[in-house]
Amino acid sequence: MFFWLSVFALSTLLVMLTFRYRAALINPMRSLFGPRVAPGHYQPVATFAEQADAGLSSSTFDIEANIREGDSRAGLDERGTQEVLDIMRRERVNFDQARLIRQNRILAAHGIDPSGMPLDAKAVTRL
Numbered sequence: 237m238f239f240w241l242s243v244f245a246l247s248t249l250l251v252m253l254t255f256r257y258r259a260a261l262i263n264p265m266r267s268l269f270g271p272r273v274a275p276g277h278y279q280p281v282a283t284f285a286e287q288a289d290a291g292l293s294s295s296t297f298d299i300e301a302n303i304r305e306g307d308s309r310a311g312l313d314e315r316g317t318q319e320v321l322d323i324m325r326r327e328r329v330n331f332d333q334a335r336l337i338r339q340n341r342i343l344a345a346h347g348i349d350p351s352g353m354p355l356d357a358k359a360v361t362r363l
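For the sequence shown, the working numbering assigns the number 237 to the initial residue and increments by one for each residue that follows.
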């Protein structure tokens with residue numbers, strides 16, 4: 237009797253914890269298995285022309301200049317491009333603001349504040 241009660245309590249606790257931390261559990265699994273995109277819905281942006289058409293250009297980040305100059309590279313980093321597009325869609329910001337948000341997140345992940353100063357109290361910033 238106590239055995240089955242403890243099994244039931246443990247399984248209930250496991251279900252409740254899984255439900256509580258589902259976002260933290262799902263995101264790493266998505267990165268392991270890749271995004272689930274229906275065929276025909278998403279075409280990877282591969283060239284500068286396609287990226288400029290997708291809205292990944294501005295006066296401060298001019299991809300169209302690369303197109304005019306005949307740049308032979310394939311285009312921007314696919315993962316970074318997708319992150320910027322996701323930020324633009326989710327937070328409803330323009331291309332430059334999305335780039336800034338992404339860069340600030342990268343800096344924060346490495347212990348650097350948006351001004352460029354390290355967050356580590358032991359870091360030497362002046363001599």
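C-beta atoms are modelled at their ideal positions from N, C-alpha and C, and glycine is treated no differently.
Computed from a predicted structure; not experimentally measured.
Is it buried or exposed, MET422, if we count other Cβ atoms within 10 angstroms and call 16 or more buried? With the chain covering 237 to 363 only, the question about residue 422 has no answer from this structure.
Other residues of its chain near GLY347: CB distance less than 8 Å, five sequence neighbours each side excluded: Mapped onto the sequence shown, residue 347 falls at position 111. Answer for GLY347: PRO354, LEU355 and ASP356, listed in chain order.
Can you list, in chain order, the residues of its chain whose CB lies under 8 Å from that of PHE331, leaving out five sequence neighbours each side? Counting from one through the sequence shown, the residue named residue 331 turns up at place 95. Around PHE331: GLY291, LEU292, SER293, SER294, PHE297, VAL320 and MET324.
Given a cut-off of 7 Å on the beta-carbon distance, is the pair LEU246 and GLN287 in contact? Here residue 246 corresponds to residue number 10 of the sequence shown, with the count starting at 1. Here residue 287 corresponds to residue number 51 of the sequence shown, with the count starting at 1. Contact: no.
Looking at the strands, I want to know which residues DSSP matches up with ILE348. Counting from one through the sequence shown, the residue named residue 348 turns up at place 112. ILE348 pairs with PRO354.
Just to confirm before moving on: does the CB-CB distance between ILE303 and PHE284 stay below 7 Å? Position 67 of the sequence shown holds residue 303. Position 48 of the sequence shown holds residue 284. Yes; because the gap between Cβ atoms is below 7 Å, this pair is in contact.
Close-in-space but distant-in-sequence residues of the same chain around PHE244 (CB under 8 Å, 5 per side omitted): Mapped onto the sequence shown, residue 244 falls at position 8. Taken in chain order, the list of residues that qualify is empty.
Enumerate, from N- to C-terminal direction, the unbroken alpha helix (DSSP H) stretches of 4 or more residues contained entirely within the segment 312–349. 314–327 and 331–345
Could you please give the first and the last residue of the uninterrupted alpha helix (DSSP H) stretch that includes PHE239? Along the sequence shown, one-based indexing puts residue 239 at 3. Taken as a continuous stretch (DSSP letters only), the alpha helix (DSSP H) holding PHE239 covers 238–256.
I'd like the span of the alpha helix (DSSP H) that includes ASP289, first residue to last. Numbered from 1 along the sequence shown, position 53 holds the residue referred to as residue 289. Taken as a continuous stretch (DSSP letters only), the alpha helix (DSSP H) holding ASP289 covers 284–289.
Check the C-beta distance from ILE337 over to GLU327 and give it rounded, since I have them as a contact under 8 Å. For this step, residue 337 is matched to residue 101 along the sequence shown. For this step, residue 327 is matched to residue 91 along the sequence shown. Contact flag correct, Cβ pair sits at about 7 Å.
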